[in-house]
Amino acid sequence: MRAILRGLCPNCGGDISDERLELGLPCERCLPKIDEELLESTNFHERLLKVEEALRKTGTLKEFKELAKLERDTKKFIEFFKKVTGYRPWSAQVAWAKRVLMGKSFVALAPTGVGKTLFGIVMSLYLSSKGLKSYIILPTTLLVKQVSERLEYLSRRLRHHKPTIIVYHSSLSTKERELLLERISKGEFDLLVTTSNFLARHFEKMSELKFSFIFVDDVDSVLKSSKNIDRILALLGFNQEILSKALELIAIKRKIAYYLSTQKEVPRDVEESYERISGEVESTLKKIRHGCLVVSTATGRPRGLRVKLFRELLRFDVGSTSEFLRNIIDSYKLVNEKSRETELVRLVKRLGPGGLIFVPLGTSEEYLNHLVEILEANGVKAAYVYGKERKGIELFQKEEVDVLIGIAMYYGLLVRGLDLPHIVKYAIFLGVPHFRFTAELKEVSPSRLIQIAFSIREALSQDEKERLDSLVVKLRRMIGLLDQAKLQLLIEALKEGRKLEGFLGRLQTMIMELQRILREVMSRREVIDVIENKTMTVIREINGRKYFLIPDTMTYLQASGRTSRMYAGGLSRGLSVVLASDEGLLKKLIKQSSLYSEDIEWR
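Under our numbering, the sequence shown is numbered contiguously, ending at residue 1649.
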């Protein structure tokens, strides 16, 4: 049985048979006769161009010419990619390239190591070589330096149309920074590479510039400041008028969502405002020629109204969707506290150079130095990274040390800011990466409090559930209205016991009430049992105080991901070893990591 598909002809937008669509052909009205030679062509690119020519001859060529143009442009990009890297791009990179060439902004949904940054670099070079301005924004100075080295290496293979590249970072001398700032303000470059901090500090120097392509590697670091959203959109070509209109539209959509969620009728004046402003936004967008934004996968859920500007103006969401593709041996060994360091030395000596060693959050610099001394006493060259002490990274990069030690922290330099796939072979975790907080809950973030409230519901009476649910629903709605700066202000005030005023003050009072309720119910034995048996939390007594420990699975996945990267022959094989002395916490990590990816098999 054959089917007729309405409105899907790739040329005229009319009805088309499934048979024609499967062959990549337009409908019978556009192309009544099909040449046998055309059907014999097995090469998709070749067939597409032949169909375009046939449509041109019959005088029915319409939208198909855009498809053919995209295919030609994509082929040019693939050839460019092969020229500068020495190999073909992966299918995901080709798909991303097509989106950019169509002018579509998007989130690059892909795990660590599959070539997102390389794609951003090559696409920037490609567009810059054609006289279009590109901008790469990275989270750390270390990554800026690494990308700079890759750009220098790749651009050597360009004989003609070499783009002018400016790389700005804090390690440059004062004179060098001043000269580069002047050149940036004048737009004397084709490709700019900076940290996200540069965008915040020196936006005024570049506010008049317009970019055809902006690649943001690690969007979480950029979105720490909601003003960066306005800055990026301005650099893409959006003026203040359209930003204000879009924000107004977002606010109206929130009102409508509120009425619908409470099953109330949407007032007529709200509906009319929505229709008027959405029409104005659409009309203005058609007149604006703006650039393309590509951001790497966001792992957090950005807050506040402004982040929704991406959806209204660029038609994509920066959310928390993430994918995991790994080629890593996830392994563990149970050891007691006393033998953990001995086992670490044994493993490192057996595995050789190219190792990252992660210690739990809260470990002191003195202990990191102690580990370096133990390893070096056993013939292993080691260095550590802690705070501003980053010399170890340069030594590791030059392969002057065998292993690098750092904190297992999600935004830590070794976890997110290191891109040395040719050096890193394995990762060792000295203990399960985890969060911990006391039963007083003072240091727990509002989002974590809500997670705890959700996890203990089973142990409460019906009345207690309803009271807790009511409070949590209100809190989630109010917290969702905060941008990152206000959320941070709230968290700091809660920690310091400082009273806030207005909206934040009301929110602070509600959070303190949630803390009080949780403290009360978590003192009960039946609630403790639910936490231990049915959640990802373990309870331990440390130095006479009760602590709740939760495995930091996202940090584990991100940190272990440093050992496996995409290269010309596939996804390189990495090794991760967790030396755990807390079996309960290890079991929680194993269980939770398996929820993120079915491919993870612990051994």
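Just so you know, even glycine gets a beta-carbon here, dropped at the ideal spot from N, CA and C.
- Query: In the segment 1207-1238, which residue ranges form an unbroken alpha helix (DSSP H) of at least 4 residues, counting only runs that do not cross its ends?
  - Reply: 1220-1232
For this session: Starting from the N-terminal side, write out each stretch of the beta strand (DSSP E) that is 3 residues or longer and does not extend beyond the segment 1379-1451.
Result: Restricted to the segment 1379-1451, the beta strand (DSSP E) segments that are unbroken, complete and at least 3 residues in length are 1401-1405 and 1428-1430, listed in chain order.
**Report entry** Classification of E1369 by the beta-carbon crowding that lies within 10 angstroms, buried from 16 upward
**Finding:** The predicted position of E1369 is uncertain, since its pLDDT is 46 and thus under 50; no value can be drawn from it.
Inter-residue Cα distance where the pair is P1399 and Y1456: 24 Å
Could you check the C-alpha separation between T1367 and I1278 for me, to the nearest Å?
Here the model assigns T1367 a pLDDT of 45, short of 50, so the residue's position is not dependable, and the following value carries that caveat. The straight-line gap from Cα to Cα measures roughly 22 Å.
Next on the checklist: Taking the alpha-carbon of Y1407 as reference, which of G1458, V1381, L1390 and S1606 has the nearest alpha-carbon?
Outcome noted: The residue you asked about is not Tyr; residue 1407 is Leu in the sequence shown. Distances from the CA of L1407 to each of G1458, V1381, L1390 and S1606 were compared; the closest alpha carbon is that of G1458.
- [ ] Can you grab the Cα-Cα spacing for the pair E1074 / N1057, in whole Å?
- [x] 11 Å
query: Less than 8 Å separating the beta-carbons of F1259 and M1148?
result: In this structure, F1259 keeps its C-beta atom at 8 Å or more from the C-beta atom of M1148.
Using only CA atoms, which one of R1335, K1122, E1318 and S1622 lies nearest to L1171?
K1122
Threshold first: 4 residues or longer. Then list the alpha helix (DSSP H) segments lying entirely within the segment 1096-1175, N to C. Those alpha helix (DSSP H) runs which fall completely within the segment 1096-1175 and span 4+ residues are 1110-1131, 1137-1147 and 1162-1174.
| With distances taken from CA atoms, which of S1377, K1150 and S1194 is nearest W1648? | S1377
Handout entry: Cβ shell of S1640 (< 6 Å), same chain only, five flanking positions each side left out
Key = Closer than 6 Å at the Cβ level, and outside the excluded window around S1640, lie I1646.
Query raised in the report: Helix or strand or just coil, what does DSSP make of P1492?
Result: helix
Provide the residue span of the alpha helix (DSSP H) that contains C1325, from first to last. A small correction: the amino acid at residue 1325 is Gly; Cys does not occupy that position in the sequence shown. Residues R1314 to K1333.
- Task: Going by CA-CA distance only, name the one from E1317, E1326, V1268 and G1283 that's closest to A1292.
- Result: E1326
Can you give the beta carbon distance from R1361 to L1464, rounded, assuming they're within the 8 Å contact cut?
Approximately 33 Å separates the beta-carbon atoms of R1361 and L1464; this is outside 8 Å, ruling out the contact.
Can the beta-carbon of R1522 be found less than 8 Å from the beta-carbon of I1496? yes
Is R1544 buried or exposed, if buried means 16 or more other CB atoms sit within 10 Å of its CB?
It counts as exposed.
| With which residues is P1597 paired in a DSSP beta bridge? | H1480
Inter-residue Cα distance where the pair is A1344 and L1178: Below a pLDDT of 50, predicted positions are generally treated as unreliable, and A1344, at 49, falls in that range; the measurement from the model is reported next regardless. Their backbone Cα atoms lie some 27 Å apart in a straight line.
Q.
I'd like to confirm the pairing. Which residues does DSSP put opposite F1356 in its beta bridges?
A. DSSP lists no partner for F1356.
What does the alpha-carbon distance come out to for the pair V1190 and S1201?
Near 16 Å, if we compare the C-alpha coordinates of S1201 and V1190.
Residues bridged to D1376 [DSSP beta-bridge criterion]: S1622 and W1648
Check your understanding: Are there three or more Cβ pairs, one per stretch, closer than 8 Å when the segment 1472-1483 is compared with the segment 1560-1570?
Key -> no
The alpha helix (DSSP H) spanning Y1199 covers which residue range?
-> T1187 to S1201
Mind checking if G1059 is an interface residue toward chain C, Cβ cutoff 8 Å exclusive? The structure shown contains no chain C; it is built from a single protein chain.
One question on the structure: do L1517 and E1559 come within less than 8 Å of each other, judged by their Cβ atoms?
yes
Practice prompt. Grab me the residues of S1606's own chain with a C-beta within less than 6 Å of its C-beta, minus the 5 sequence neighbours each way, in chain order.
Written response: I1374, A1473 and S1622
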